[in-house]
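Q:
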Amino acid sequence: MGFIGKIIVLAGVIAAVWFGWRWWQRVQSGQLERPRSPTPRDDPRPREDSKPPRAASDMLRCPVCDDYVSVNARRCERPTCPRG
């Protein structure tokens, strides 16, 4: 067996020892026997701090000030405001 083969076998042995050690540590800590708690994505209930989605409104460009304002907006303080 050549040099490359020995390196591959050594890497395999190191990987087997590493993953075996991690598995043994999980067994010793009892992590494998405990039921897993659901993650926030798995929980079908909505979060308490979540807000309901806001309704979108259409916007129009004001010919006087070139700003976009809501269709339902009231008149501003400018005397040339086109909103009545």
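The numbering used here puts the last residue of the sequence shown at 74; the count rises by one with no breaks.
Note that beta-carbon positions come from the ideal geometry of N, C-alpha and C, so glycine has one too.
Since we're looking at a predicted model, the values are computed, not measured.
Quick one: residues in its chain with C-beta nearer than 6 Å to the C-beta of Arg51, no 5 flanking neighbours on either side, listed in chain order?
A: Closer than 6 Å at Cβ, skipping near neighbours: Tyr58.
Q: Does DSSP classify Arg65 as helix, strand or coil?
A: Reduced to three states, the DSSP call for Arg65 is coil.
Q: Within the continuous beta strand (DSSP E) that includes Arg51, where are the two ends?
A: Run containing Arg51: 49 to 51, per the beta strand (DSSP E) assignment.
Q: Along the beta strand (DSSP E) that carries Val59, what are the first and last residues, could you check?
A: Per DSSP, Val59 belongs to the beta strand (DSSP E) from 58 to 60.
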